[in-house]
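Single-structure report; data block below.
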Amino acid sequence: MNLTDKINQLKELKSELYKKDFLLTWEKSDEDLKMVLEVADILKEMRSQNISPRVFDTGLAISNFRDNSTRTRFSYASAANLLGLAVQDLDEQKSQIAHGETVRETANMISFLSDFIGIRDDMFLGEGNKYMREVGDALDEGFAKGVLPERPGIVNLQCDQDHPTQSMADLLHLQKEYGSLENLKGKKIVMSWAYSPSYGKPLSVPQGIIGLMSRFGMDIELAYPEGYDLIPEIVDMAGKNAKASGGSFKVSHDMKEAMKGADIVYPKSWAPFHIMQERTKLLQAGDKAGLDALEQTCLANNAKYKDWEYDHDKMKVTKNEDALYMHCLPADISGVSCKEGEVNADVFEKYRIKTYHEAGFKPYIIAAMMFTNKFQNPAATLKQIMDSQKKRVLY
Amino acid sequence: MNLTDKINQLKELKSELYKKDFLLTWEKSDEDLKMVLEVADILKEMRSQNISPRVFDTGLAISNFRDNSTRTRFSYASAANLLGLAVQDLDEQKSQIAHGETVRETANMISFLSDFIGIRDDMFLGEGNKYMREVGDALDEGFAKGVLPERPGIVNLQCDQDHPTQSMADLLHLQKEYGSLENLKGKKIVMSWAYSPSYGKPLSVPQGIIGLMSRFGMDIELAYPEGYDLIPEIVDMAGKNAKASGGSFKVSHDMKEAMKGADIVYPKSWAPFHIMQERTKLLQAGDKAGLDALEQTCLANNAKYKDWEYDHDKMKVTKNEDALYMHCLPADISGVSCKEGEVNADVFEKYRIKTYHEAGFKPYIIAAMMFTNKFQNPAATLKQIMDSQKKRVLY
Amino acid sequence: MNLTDKINQLKELKSELYKKDFLLTWEKSDEDLKMVLEVADILKEMRSQNISPRVFDTGLAISNFRDNSTRTRFSYASAANLLGLAVQDLDEQKSQIAHGETVRETANMISFLSDFIGIRDDMFLGEGNKYMREVGDALDEGFAKGVLPERPGIVNLQCDQDHPTQSMADLLHLQKEYGSLENLKGKKIVMSWAYSPSYGKPLSVPQGIIGLMSRFGMDIELAYPEGYDLIPEIVDMAGKNAKASGGSFKVSHDMKEAMKGADIVYPKSWAPFHIMQERTKLLQAGDKAGLDALEQTCLANNAKYKDWEYDHDKMKVTKNEDALYMHCLPADISGVSCKEGEVNADVFEKYRIKTYHEAGFKPYIIAAMMFTNKFQNPAATLKQIMDSQKKRVLY
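Chains as they are written, first to last, in this note's numbering: chain D, 1 to 395; chain P, 1001 to 1395; chain B, 2001 to 2395.
Below, the structure is given as structure tokens:
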């Protein structure tokens, strides 16, 4: 389908993304999600055809990374740049924020001429998403009181609950792999815990995956060793989603059993919910010794499950011995990035380029989230861009 | 008044800002200051009307923060971006500057394609402003000798003497609050020391305020506990300014007494002048033990003045019990950002949104300083921008 | 010669820079080098005439500095900005790269919407240039497999072998000083080791200079104390180059003797090749004690050659007592940036402004490397820019 046809099709979607933050996929309607996917796809196609979808002459996209990032940082920077915004990092080390400044004040101080704020805050259960909402409330107040000329949109770049730019990029990848969202119906996807020698990995990726993929009629299996639970409310929600969309949802505790007949597998390590809760308490109490002890306990516990590696043996039981392997990257690859890890090196290599394609959708997903926040009628604006015939590489 | 009228009015101002650095408000004529205020106001209005005042297709604005900053860093980035410049940080940790490089060399090395350099250097008395002038001299030489195609303008983002982007934003806030600069005549403004549990805060804000506000016929009262003097030359100058402009200037040592009948109050902590002198010597000597001892002495001394908190009791004696509260932010708010601080939490809350508005002028003040440095006839250039009908959000 | 004539002359050059990384000058043909010099000169002239050579509406230039930099960092940022690209730093401390990520993965993750990657990696012999090629191979694969919409170009911002943006800027400086490349024939240039109180300076500058300058018929003399060898293969190549281009190449071990009759001198410290080899091994083994011991040995050895300072005495034996002094900056200036160093303070001062001019070519050299990588027919594109009449300062 050519770009003009794709843009015309958008008109039929009734989304409500305009001037709304993108914090959790499960706060968005199916039409909202489809709109983001389609706009992302169109922006990607525009760029590949050297059409510049720049919609801002000037403007700032603030990034606030409270945890490390390469992929998401670059995706955010790419999305901002594609639309014409300059990235300004809020570096809480370089700033005066440690001097007892409140969230609501900082939120306004960084927003006088800003169009978006992207936030990663995934370290503490119960905190990250809450922080984003506090920022949002502060921006609402600032805008209402005339402090801010516009209300900057917030993009969740990973919190304690969800990683929507990741899960939406993953979904766009699946849409491309299977031809349509419709074709995902009845496909079996296994979101599985996998062994990692590291500790304290966020729950947001597996939660984001089950929270989103359960809405498209897929058969979801969430597999993990006993004790490695996710946030119960999100697991419950995924179960209900699956049922409502005509799919199914199952929790199990044997990696190989889970993989049987899978169309899609997503083996990825995470920390157990109760450990993350404990960790949050210890961090808040500043209990260094307690944290060290918890880390040792947790690593020792992880080590019991070194056989939760996605290897040939498990791949062989998947559909046609060739389930689509997915990962948010970087994966802990046995013998490559660590001694023993989430995935066998040969298996990873087989799907490596596909994981790169998967990652490549993220900049456009973020750009689409920004675009649909800023323009009430994305189809009309995209049409204007087409008509402008502005090139990205000018000559 | 609409934008075109505002721009037309500018033509009557005889300013001499073109190709001049903005280092101290007291080096600028009244017409210069008015020009900056008016251009800032126009740029703010343009942006709110979605007119893009971008004047550079490409170009760099260098930032050199030798001390922490959030508000000013973002204001500078916003100003640069609004005019079309990309910010490039000179991070003296990441650079090779520690390897014995001279100021004049670095000044040229970062300026081959740069339009502005914004500098914060407020740690050492007698150093910050001097450093800016050394940079300026180096740029003059570089330009004269053909090393630089243009002479980048320098914007003082806070030095040991003045904080002109702050005081000018504060002045624009007052102009807006009272309708005109003319209306400030006869108003009583109290620049008061206030208690803070921290140590070593720069003198530049109170100095900047008395140095600038004394030029508009206001009655200035500078209140602080005995010993917390500012740089004597600047206090003398403020006194002379006040007299010349038809206002008055008074130094006093009782916070509540000072507040009586005040129209405007600015309660803000700073370190005593003689302590800052001592501190500069110890820092230069690398005397760690001496510095620690000085800090303890100073904090102990501060603690004698915990009653220098701006609270209900003091607010009650101001004009109509409702003097306009100002602060450069972040304030030390008792019970919020610290146990005991500069201002009572309820009093701060009453004026909180006004302090956000106050802060919101800074990006435009900086943009106006850049604009007037770069264009000899700001009214004409602003008119061209209006005529271009270029939008900031393009669609 | 005016810009249009300069652009017309370009048409006669048969360069093969299109879609090629710029990693080593000795991989490029003479026509390639001339093309870069001429395009750099044209871009510099355009900017001085307020013509905007912006060729990208949006796009990213990634910088990956694995060692400190001020000059090259700002030159890269300036070049990117001039062409319309935003710089995005890959900060390996802030990223998740330490978590066992492979080079090829990161190379793709940062490149989905990137046009260029500039890399400095000069710490380890045998590593830096190799790393750049690994990145390049990963980008080739990503592009071939459809992961990347375009293959970003790589610019070597200093490696273990060469510092091509420096040596090419130096060459453009010489071309300007002497009127043409042709006029460099028969000139004597002395690349000399000089004393520095620091340790471990890369070999890439002297190697880059002898590797490049030997191609234009100059008489090269490489002077250093016994033991301070460079990489033998590069020295051999320089010798062959010199011969082939009608010049000569000589290695000697007496600074003053070497300077006799020199037209151009480049006194600059470096670490001995065998020490760098030893150091690389110790670093890879994580042998902290061994590294400290090596540093002490090396500094002690350096100290034997404090008379390798470029001073009046040595300047007096050069051609007309006034050889052109060159340095990549910052120089270790005796009594200024260190007690005893590479160059006498008065001698440096005499040529200081010339070294600034020398440095000022680097941003344009980098921009020219980007330009010629991106556009197959630079003359045609430059002509289009001229025709567009787009200004850099818009009003």
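Even glycine gets a Cβ: it sits at the ideal position worked out from N, Cα and C. None of the values given here were measured: they were computed from a predicted structure.
Same chain only: Cβ atoms within 8 Å of residue i, ignoring 5 sequence neighbours per side
{"i": "Ile1210(P)", "result": "Met1191, Ile1220, Leu1222, Leu1230, Ile1234, Val1235, Ala1238, Phe1249"}
{"i": "Lys1390(P)", "result": "Ile1051, Ser1052, Arg1054"}
{"i": "Ser1111(P)", "result": "Ile1062, Ile1117, Leu1139, Gly1142, Leu1148, Pro1152"}
{"i": "Lys1034(P)", "result": "Leu1013, Ser1015, Leu1181"}
Residue i versus residue j - alpha carbon distance
{"i": "Phe1056(P)", "j": "Phe1124(P)", "result": "35 Å"}
{"i": "Pro1267(P)", "j": "Lys1188(P)", "result": "14 Å"}
{"i": "Ala1079(P)", "j": "Leu299(D)", "result": "49 Å"}
{"i": "Met1046(P)", "j": "Asn2008(B)", "result": "43 Å"}
{"i": "Ala1098(P)", "j": "Leu1060(P)", "result": "Residue placement at Ala1098(P) cannot be trusted, given a pLDDT of 49 that sits under 50; what the coordinates show is reported in the next sentence. Rounded to the nearest angstrom, the two C-alpha atoms are 23 Å apart."}
{"i": "Lys20(D)", "j": "Met386(D)", "result": "25 Å"}
{"i": "Tyr1395(P)", "j": "Asn81(D)", "result": "17 Å"}
{"i": "Asn1064(P)", "j": "Ala1359(P)", "result": "21 Å"}
{"i": "Gly2217(B)", "j": "Tyr2228(B)", "result": "25 Å"}
{"i": "Met213(D)", "j": "Thr355(D)", "result": "17 Å"}
{"i": "Pro1225(P)", "j": "Arg279(D)", "result": "46 Å"}
{"i": "Tyr199(D)", "j": "Met255(D)", "result": "20 Å"}
{"i": "Val317(D)", "j": "Tyr325(D)", "result": "13 Å"}
{"i": "Cys2338(B)", "j": "Tyr2195(B)", "result": "11 Å"}
{"i": "Trp246(D)", "j": "Asp30(D)", "result": "Here residue 246(D) turns out to be Gly, not Trp, going by the sequence shown. About 14 Å."}
{"i": "Lys201(D)", "j": "Asp1067(P)", "result": "34 Å"}
{"i": "Leu1090(P)", "j": "Ile1154(P)", "result": "14 Å"}
{"i": "Leu1113(P)", "j": "Ala2077(B)", "result": "9 Å"}
Below-8 Å beta-carbon distance, residue i vs any chain D residue
{"i": "Lys2145(B)", "result": "yes"}
{"i": "Gln2088(B)", "result": "yes"}
{"i": "Ala1098(P)", "result": "Unreliable placement is indicated for Ala1098(P), whose pLDDT of 49 sits below 50; the coordinate value is still reported in the next sentence. No, no contact with chain D."}
{"i": "Gly1084(P)", "result": "yes"}
Interface flag, residue i vs chain P, CB-CB below 8 Å
{"i": "Thr2070(B)", "result": "yes"}
{"i": "Gln389(D)", "result": "no"}
{"i": "Asn108(D)", "result": "yes"}
Outcome for residue i when other beta-carbon atoms lying within 10 angstroms are tallied against a minimum of 16
{"i": "Pro1330(P)", "result": "buried"}
{"i": "Asp2041(B)", "result": "buried"}
{"i": "Ser180(D)", "result": "exposed"}
{"i": "Tyr2018(B)", "result": "exposed"}
{"i": "Ala323(D)", "result": "buried"}
{"i": "Leu2013(B)", "result": "buried"}
{"i": "Ala2285(B)", "result": "exposed"}
{"i": "Asp1115(P)", "result": "buried"}
{"i": "Thr4(D)", "result": "exposed"}
Nonlocal neighbours in the same chain, by C-beta distance under 6 Å from residue i, ignoring five residues either side
{"i": "Cys328(D)", "result": "Gln166, Val205"}
{"i": "Ala107(D)", "result": "Val135, Ala138, Leu139"}
{"i": "Val251(D)", "result": "Leu222"}
{"i": "Phe375(D)", "result": "Thr381"}
{"i": "Gly1128(P)", "result": "Asp1121, Asp1122, Cys1159, Asp1160"}
{"i": "Glu38(D)", "result": "Leu10"}
Neighbourhood of residue i by C-beta distance below 7 Å, restricted to the same chain and skipping five residues each side
{"i": "Asp2032(B)", "result": "Ser2015, Glu2016, Leu2017"}
{"i": "Gly1084(P)", "result": "Arg1054, Val1055, Phe1056, Asp1057, Gly1059"}
{"i": "Pro1164(P)", "result": "Phe1022, Leu1024, Thr1025, Asn1156, Gly1208"}
{"i": "Gly2335(B)", "result": "Ala2345"}
Min CB distance residue i to chain B below 8 Å
{"i": "Ile1007(P)", "result": "no"}
{"i": "Asn1183(P)", "result": "no"}
{"i": "Val393(D)", "result": "yes"}
{"i": "Arg47(D)", "result": "yes"}
{"i": "Gly1142(P)", "result": "yes"}
> Fully enclosed by the segment 1185-1264 of chain P, which alpha helix (DSSP H) runs are 4 residues long or longer?
Replying inline: If you keep only unbroken alpha helix (DSSP H) runs of at least 4 residues inside the segment 1185-1264 of chain P, you get 1204-1213, 1232-1244, 1255-1259.
>> Which runs of the alpha helix (DSSP H) at least 4 residues long sit entirely within the segment 2110-2192 of chain B? Give them in chain order.
In response: Runs of the alpha helix (DSSP H) inside the segment 2110-2192 of chain B: 2128-2144, 2164-2178.
> Whole alpha helix (DSSP H) runs in the segment 1281-1359 of chain P with 4 or more residues, listed along the chain?
Replying inline: Those alpha helix (DSSP H) runs which fall completely within the segment 1281-1359 of chain P and span 4+ residues are 1288-1303, 1312-1315.
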